[in-house]
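First up is the structure itself, then whatever we jot down about it.
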Amino acid sequence: MLRSLVTAIFVFSLTLVGCGGDDDAGGGVQSNPNGDRPPAGNETGDNTGDNTGDNTGGNTGDNTGDNTGDNTGDNTSTAGRTVVNCDTNIADDVPAFYKKYFRCVTISMDGDSVVIESDGLPPHLSFYYETSDENYTEFVSQGDGFYQNPNRIEAQNIRMTLGSNPRVRGLTINDSLVDGDVGSSQDEYGMGTQGVALNSVALFNPLAAPGDDIEDELFSFDPYFGHPAQGGDYHYHTTSMGPLEVLEAAGLITNTTPGSAGIEMYGIMCDGTLILGCTELNGDAPDSSDFDSQNGQVHDIVDEEGTVHFTDRYHIHICPELFPAHQFTPEIQYYDGCDI
Ligand SMILES: [Zn+2]
Ligand SMILES: [Zn+2]
Numbered sequence: 002m003l004r005s006l007v008t009a010i011f012v013f014s015l016t017l018v019g020c021g022g023d024d025d026a027g028g029g030v031q032s033n034p035n036g037d038r039p040p041a042g043n044e045t046g047d048n049t050g051d052n053t054g055d056n057t058g059g060n061t062g063d064n065t066g067d068n069t070g071d072n073t074g075d076n077t078s079t080a081g082r083t084v085v086n087c088d089t090n091i092a093d094d095v096p097a098f099y100k101k102y103f104r105c106v107t108i109s110m111d112g113d114s115v116v117i118e119s120d121g122l123p124p125h126l127s128f129y130y131e132t133s134d135e136n137y138t139e140f141v142s143q144g145d146g147f148y149q150n151p152n153r154i155e156a157q158n159i160r161m162t163l164g165s166n167p168r169v170r171g172l173t174i175n176d177s178l179v180d181g182d183v184g185s186s187q188d189e190y191g192m193g194t195q196g197v198a199l200n201s202v203a204l205f206n207p208l209a210a211p212g213d214d215i216e217d218e219l220f221s222f223d224p225y226f227g228h229p230a231q232g233g234d235y236h237y238h239t240t241s242m243g244p245l246e247v248l249e250a251a252g253l254i255t256n257t258t259p260g261s262a263g264i265e266m267y268g269i270m271c272d273g274t275l276i277l278g279c280t281e282l283n284g285d286a287p288d289s290s291d292f293d294s295q296n297g298q299v300h301d302i303v304d305e306e307g308t309v310h311f312t313d314r315y316h317i318h319i320c321p322e323l324f325p326a327h328q329f330t331p332e333i334q335y336y337d338g339c340d341i
């Protein structure tokens, strides 16, 4: 099921599977406005051609297009809180990696461990904010069948502790482990917040709780490819321009479109697994020859200046265009532990 969905998602050049029972509170209520949408099985092949154009255009113009389209002025001037003006508090003794790549969070050391705290409020516009919020924007459909789920963004109390030397579980991360089914392995990430994006937003795993209608969730993303769960916990399951805006603000890239940015990194999971995109941290193209079933691999994480931030670090690459086999956050923990 995941597999056909994956393909369908790719069609929309945004991705997502489900999220543990989060956004489906209203699944029944809002019923899919796209009632005439063909069954998932058909979608995969049928819509590939049709929708590619539509959505590419939509996304580019509406979202990424901040710089080029009508929304440029709107988005930048009306978004009260952005990665540029949000509160970021990172202690002096925190490793350079976090100082360079994280915004809108508080980061401190607890012994050798890095502690990231976040309210999880996306520092960008979303129609999932309360209308009174300065970051609220009106609903804009990204295509047929897109809808707004009933949840609204609420501040969270995220606290994630990352050990300095995560212990490898020694798993062979193959298709039988990365099966898209929740509860099929004790090595899966849990449900709910399991990581933090560069812009302070929560990262969820790519699994849908049993009974969830993945097909409905797929269409509830806002233009930043995020949505809130029932607890108001806004999150991503895949790529988003949100984290890339941090890289832009840091002067590292100028294009924040996932798949087109000069450097793509999205965040870090609770076990220390890094989430990169279509590039390595220095902008090089990834060598996918040793990817596991969630596009994971181990090598040094080196930035554009040649600084090695992590040695032999497991990370995954989310890049639907180049590596369509896995288009989401990771399902399986490569390292032991998850303190979040
Ligand atoms: Zn979700
Ligand atoms: Zn890599």
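For the sequence shown, the working numbering gives the first residue as 2, with consecutive numbering after it. Glycine included, every Cβ here is placed at the ideal spot set by N, Cα and C. Computed from a predicted structure; not experimentally measured.
Judged by DSSP secondary structure, G243 falls within the alpha helix (DSSP H) whose first and last residues are 242 to 250. Residues with their Cβ less than 7 Å from any non-hydrogen atom of ligand 2, running along the chain, are L277, E281, P287, Q298, H300, H316, H318. Pairing D301 with Y315, the inter-Cα distance amounts to about 9 Å. Residues I108, S109, M110 of the same chain have their beta carbon placed closer than 7 Å to that of A92, with the five preceding and five following residues left out of the count. Contact annotation: E249 and T257 have beta-carbon atoms nearer than 8 Å. Less than 8 Å separates the beta-carbon of V106 from that of T89.
Apart from sequence neighbours up to five positions away, the residues of its chain that approach G273 with a beta-carbon distance below 6 Å are L163, P167, Y336, ordered along the chain.
Taking the Cα positions, F292 is about 10 Å away from F324. By alpha-carbon distance to E306, the top candidate from A97, A80, G146 is A97. The three-state reading of DSSP puts S290 in helix, counting H, G and I together.
Along the region 79 to 145, the beta strand (DSSP E) occurs as fully enclosed runs of 3 or more residues at 107 to 111, 114 to 119, listed in sequence order. For the 8 Å CB-CB criterion, R104 and V309 do not form a contact.
Of the candidates G284, E332, E265, Q149, the residue whose Cα lies closest to the Cα of G297 is E332.
Boundaries of the beta strand (DSSP E) harbouring G227: 227 to 229, taken from the DSSP string.
For F311, the CB contacts under 6 Å within the same chain, skipping 5 residues up- and downstream, are I302 in chain order. Check the Cα spacing between V202 and each of Y102, D234, E281: the tightest is with D234. Shortest gap from the CB of E189 to any heavy atom of ligand 1: 7 Å or more. Taking non-hydrogen atoms of ligand 1 into account, the C-beta of F205 is found less than 7 Å away from one of them. Three or more Cβ pairs drawn from the region 218 to 237 and the region 129 to 146 lie within less than 8 Å of each other, which places the two stretches in contact.
D176 and Q187 have their C-alpha atoms roughly 15 Å apart. Look at E218 here: in three-state DSSP terms it is helix.
Residues of the same chain with a CB within less than 8 Å of the CB of G338, apart from the 5 flanking positions on each side, are G164, P167, R168, C271, D272 in chain order. Ranked by Cα distance from G196, the first of A209, L275, N152, S133 is L275.
In the three-state reduction of the DSSP assignment, V202 falls in the coil class, being assigned neither a helical nor a strand state.
With 16 or more other CB atoms across the displayed protein chains lying within 10 angstroms of its CB, N150 is buried. The Cβ atoms of G227 and S127 lie closer than 8 Å to each other. Around D94, the same chain offers M110 as residues with beta carbons nearer than 7 Å, after the five sequence neighbours per side are excluded. Ranked by Cα distance from L204, the first of G268, G181, G171, K101 is G268. In the three-state scheme derived from DSSP, where H, G and I count as helix and E and B as strand, E281 is classed as coil.
Going by beta carbons, V183 and A209 fall inside the 8 Å limit.
The residue from P287, C87, T83 with its alpha-carbon nearest to that of H318 is P287. Relative to the Cα of L122, the nearest Cα in the group A251, G171, E135, Q328 belongs to E135. Taking 7 Å as the cut-off, one finds at least one heavy atom of ligand 1 near enough to the beta carbon of E218. Under DSSP, the beta-bridge partners assigned to Y237 are L204, G227.
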